[in-house]
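Counting from 1, one number per residue, gives the positions in the sequence shown under this note's numbering.
Yeah, the Cβ is synthetic: ideal placement off N, Cα and C, and Gly gets one too.
Step one of this worksheet: look at the structure below.
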Amino acid sequence: MSLDAAVRAIRRGGVVVIPTDTVYGLACDPANTAAVSRIYAIKRRPDGLELTLLAASLHDIEEDVDLGPAARTLAAAYWPGALSIVSSLRGRRWVIPRGGTTLSVRIPDHPIALELLRRTGPLATTSANRHGEPAADTAEGVAAALGAEVDTVLDGGRSAGLASTIIDCTTTTPRVLRDGPISATALLSLLGGFPASTTEGQRSQ
Numbered sequence: 001m002s003l004d005a006a007v008r009a010i011r012r013g014g015v016v017v018i019p020t021d022t023v024y025g026l027a028c029d030p031a032n033t034a035a036v037s038r039i040y041a042i043k044r045r046p047d048g049l050e051l052t053l054l055a056a057s058l059h060d061i062e063e064d065v066d067l068g069p070a071a072r073t074l075a076a077a078y079w080p081g082a083l084s085i086v087s088s089l090r091g092r093r094w095v096i097p098r099g100g101t102t103l104s105v106r107i108p109d110h111p112i113a114l115e116l117l118r119r120t121g122p123l124a125t126t127s128a129n130r131h132g133e134p135a136a137d138t139a140e141g142v143a144a145a146l147g148a149e150v151d152t153v154l155d156g157g158r159s160a161g162l163a164s165t166i167i168d169c170t171t172t173t174p175r176v177l178r179d180g181p182i183s184a185t186a187l188l189s190l191l192g193g194f195p196a197s198t199t200e201g202q203r204s205q
């Protein structure tokens, strides 16, 4: 389907499948409660796991989260790219997070995703697969698994197939919550060698 069709679907409250540099994702308007709930239903995602906010630029998320020095250092080095940064909420203009006071944010390094985000604004996202199943790296794979339940599938070619690294920058010592394409060693080295704890991906999938 076309980028125009994806934009129209999002604006009318739909759920679309989008390509990113990591894995394919489910995406919707983060201000639309019904659309966000549909993502949880399609994915069979537990209520306690929050969604990530994808954006086209740093400016687009500065109203939403408090990006401290560590987060800004990492963003400057790895955005656009395969790093999700958990930061404290600054305001609540969206219906995500649904319960907590932190939000995972990322700028993806994929031309189709970035163009979509420039046209729609930030989107609520999660990987395009059932919870607990492998993430999809092709549009065909997502369509086979979820096609009947989504409004549009954007084909952006094969993705890397590895979900983003997640780092929590809301604590005094940043914590890597999920390993991914960017290593914990590289992240912590950039931040000046903070000793970090690594927690296996409770935010994955």
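Reduced DSSP category for residue i - H, G, I as helix; E, B as strand; rest coil
i	result
Arg175	strand
Ala163	coil
Arg8	helix
Thr125	strand
Val95	coil
Ser183	coil
Asp66	strand
Val36	helix
Leu188	helix
Leu89	strand
Gly141	helix
Leu53	strand
Leu152	In the sequence as presented, Leu is not what sits at residue 152; that position holds Thr. Note: Thr152 maps to strand in three-state DSSP.
Gly147	helix
Asp47	coil
Arg106	strand
Ala113	helix
Asp21	coil
Ala75	helix
Asp168	strand
Which listed residue (the options) has its alpha carbon closest to that of residue i
i	options	result
Ile96	Ala34, Val142, Ala139	Ala34
Ile166	Asp179, Ser2, Thr138, Pro134	Asp179
Cys28	Leu190, Asp47, Ala55	Ala55
Leu191	Ala76, Gly121, Leu58	Ala76
Pro30	Ile42, Ala124, Arg8	Ala124
Ala209	Leu162, Leu116, Thr185	The question about residue 209 has no answer, for the chain in this structure spans 1 to 205.
Leu187	Ala143, Arg38, Tyr78, Glu133	Tyr78
Pro157	Val23, Ala5, Ala6	Per the sequence shown, residue 157 should be read as Gly rather than Pro. The option with the nearest alpha carbon to Gly157 is Val23.
Leu114	Ile39, Leu53, Arg38, Ser189	Leu53
Thr20	Ala160, Pro181, Arg38, Pro174	Ala160
Trp94	Ala184, Thr73, Gly121	Gly121
Ala71	Ser88, Ser183, Val16	Ser88
Leu67	Ser57, Val16, Arg90	Arg90
Asp155	Arg12, Val16, Ala9, Ile10	Val16
Ala9	Val153, Arg175, Ser183	Val153
Arg38	Gly13, Asp60, Ile61	Gly13
Whole-number beta carbon distance between residue j and residue i, since they are thought to touch under 8 Å
i	j	result
Leu3	Ile112	7 Å
Leu116	Ile42	Going by Cβ atoms, the distance from Leu116 to Ile42 rounds to 19 Å, so no, they are not a contact pair.
Arg119	Val7	5 Å
Thr170	Thr102	5 Å
Val86	Asp168	4 Å
Contact with chain C by residue i, beta-carbon distance below 8 Å
i	result
Ala5	Considering every chain present, this structure includes no chain C. It has just one protein chain.
* Asked: Three or more C-beta pairs closer than 8 Å, one from the region 73-92 and one from the region 136-149: is that the case here?
  -> Under the Cβ criterion (8 Å, minimum of three pairs), the region 73-92 does not count as touching the region 136-149.
* Flag this pair as touching only if the region 101-117 and the region 37-49 have three or more C-beta atom pairs under 8 Å; answer yes or no. => no
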